[in-house]
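A.B. asks: In this note's numbering, the protein residues as written are 15 to 280.
The structure under discussion is supplied below as structure tokens; questions concerning it will follow.
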């Protein structure tokens, strides 16, 4: 392997420095926002009872961390999100492949998929409660319904745009649809599938929270509803902050997995 040239080394050094500067600026903006928020609460510019404050939120977190309740509720939401996410990925890829393999099936089902994707999923939640009861199963189904239809449509559209020259080559060599699927379609669609996963993990978390709002006895969505009903703003804002952290971590895990996968298969 040849050594990078001097100009390449300078470019890489500048890129590394730029990324470091971006990280520092992000941290400074975050700290500044927390400081302004706390200062406004201390000076009475905002009502700390309604808007809470970073110190109160941290105190609430420490109190709930002592008895483990915050970890329990976070774990419930995380488990429901991961289960629904894996179901969406499996169902989305399988359904998109089925639609790609059968032109007639895709033409029949596409209008229904578009309709279901456009339907506000919160409207389905009360119906799911009646069908499935007030339990984790309802929350997971609600989360899956938020992401799965859009996932199928996106993946199917991407599959249909696969390089036709490669497909013709496989067919000219006597290959079947199965060969096209395993040797052309899936390998060339991996970036699309991973990109779709990045979107779906956030949508699944949204779906889980919608489900927990209506039919849950545990989870961060349950905490948010409970805190709003008893006016515990510290608990409410803390739950929202944990949700933000959770969504960021899940996204970064998929992004890092994608980066390592691409490096491994270059």
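Idealized CB from N, CA, C, for every residue including glycine.
Determine, using beta carbons only, whether residue 224 and residue 238 come nearer to each other than 8 Å.
C.D. replies: Contact: no.
A.B. asks: Of the residues 208, 138, 92, 189, which one's Cα is nearest the Cα of residue 104?
C.D. replies: Taking only the C-alpha atoms, the option nearest residue 104 is 208.
A.B. asks: So with Cβ pairs under 8 Å, would you call residue 89 a contact of chain C?
C.D. replies: Given the protein chain composition of this structure (a single chain), no chain C is represented.
A.B. asks: Based on Cα-Cα distance, which residue from 110, 23, 126 lies nearest to residue 210?
C.D. replies: When each option's Cα is compared against that of residue 210, the closest is 110.
A.B. asks: According to the neighbour-count rule (16 or more other Cβ atoms, all chains shown, within 10 Å of its Cβ), is residue 1 buried or exposed?
C.D. replies: Past the boundaries of the shown model lies residue 1; the chain is included only from 15 to 280, so the question cannot be answered.
A.B. asks: Nearest-angstrom Cα distance between residue 264 and residue 244?
C.D. replies: Cα-Cα distance, rounded: 30 Å.
A.B. asks: Under 6 Å Cβ to Cβ from residue 248, same chain only, skipping five residues before and after it: list those, please.
C.D. replies: These residues qualify, in order along the chain: 66, 70, 71, 74.
A.B. asks: With a threshold of 8 Å, are at least 3 pairs of Cβ atoms found where one atom belongs to the region 144 to 164 and the other to the region 86 to 98?
C.D. replies: In short, these stretches touch, since the Cβ pair count reaches three.
A.B. asks: Using a Cβ-Cβ cut-off of 8 Å (strictly less than) and excluding sequence neighbours within five positions of residue 274, which residues of its own chain qualify?
C.D. replies: Closer than 8 Å at the Cβ level, and outside the excluded window around residue 274, lies no residue.
A.B. asks: Should the region 224 to 235 be called in touch with the region 84 to 93, which here means at least 3 C-beta pairs below 8 Å?
C.D. replies: Result yes; three or more Cβ-Cβ pairs closer than 8 Å.
A.B. asks: Does the distance from the CB of residue 165 to the CB of residue 102 come in under 8 Å?
C.D. replies: A contact, by the Cβ cut-off of 8 Å.
A.B. asks: Output needed for residue 172: all residues of its chain with C-beta closer than 7 Å, excluding positions within five of it in sequence on either side, in chain order.
C.D. replies: If we look at residue 172 and ignore the five residues flanking it on each side, its Cβ neighbours are 203, 206.
A.B. asks: Going by CA-CA distance only, name the one from 269, 115, 139, 58 that's closest to residue 174.
C.D. replies: When each option's Cα is compared against that of residue 174, the closest is 115.
A.B. asks: What is the residue span of the alpha helix (DSSP H) that residue 187 lies within?
C.D. replies: From DSSP, residue 187 is part of no alpha helix (DSSP H); its letter is neither H nor E.
A.B. asks: Let me check understanding here. Comparing Cα to Cα, which of 120, 52, 252 lies closest to residue 77?
C.D. replies: Among 120, 52, 252, the Cα nearest to that of residue 77 is on 252.
A.B. asks: By the three-class DSSP mapping on this structure, what secondary structure does residue 29 have?
C.D. replies: Three-state DSSP puts residue 29 in a helix.
A.B. asks: Roughly how many angstroms lie between the CA atoms of residue 198 and residue 107, to the nearest whole one?
C.D. replies: If you take the alpha carbons of residue 198 and residue 107, they lie about 15 Å apart.
A.B. asks: Report the residue from 34, 257, 132 whose alpha carbon sits nearest the alpha carbon of residue 226.
C.D. replies: The option with the nearest alpha carbon to residue 226 is 257.
A.B. asks: Which runs of the alpha helix (DSSP H), 4 residues or longer, sit entirely within the region 69 to 137?
C.D. replies: Those alpha helix (DSSP H) runs which fall completely within the region 69 to 137 and span 4+ residues are 83 to 115, 117 to 132.
A.B. asks: Does DSSP put residue 15 in a helix, a strand or coil?
C.D. replies: Low confidence applies here, because residue 15 scores a pLDDT of 49, under 50, leaving its location unreliable and the question unanswered by this model.
A.B. asks: Write down every uninterrupted run of the alpha helix (DSSP H) in the region 170 to 237 whose length is 4 residues or greater and which is fully enclosed by it, in chain order.
C.D. replies: With a minimum length of 4 residues, the continuous alpha helix (DSSP H) runs that stay inside the region 170 to 237 are 178 to 186, 191 to 194, 200 to 228.
A.B. asks: What's the gap between the Cα of residue 268 and the Cα of residue 82?
C.D. replies: Distance between the alpha carbons of residue 268 and residue 82: 28 Å.
A.B. asks: Could you tell me if residue 169 is buried or exposed, where buried requires 16 or more neighbouring beta carbons within 10 angstroms of its beta carbon?
C.D. replies: Result: buried.
A.B. asks: According to DSSP, is residue 256 helix, strand or coil?
C.D. replies: Residue 256: helix per DSSP, three-state reduction.
A.B. asks: Within the same chain, show all residues whose beta-carbon is closer than 7 Å to that of residue 127, passing over the 5 residues directly before and after it, in chain order.
C.D. replies: Closer than 7 Å at the Cβ level, and outside the excluded window around residue 127, lie 163, 166, 167.
A.B. asks: How long is the line joining the alpha carbons of residue 246 and residue 34, rounded to whole angstroms?
C.D. replies: Cα to Cα, residue 246 sits roughly 38 Å from residue 34.
A.B. asks: Where residue 5 and residue 218 are concerned, what is the direct C-alpha to C-alpha distance, given to the nearest angstrom?
C.D. replies: Lying outside 15 to 280, the shown extent of the chain, residue 5 is not represented and no answer is given.
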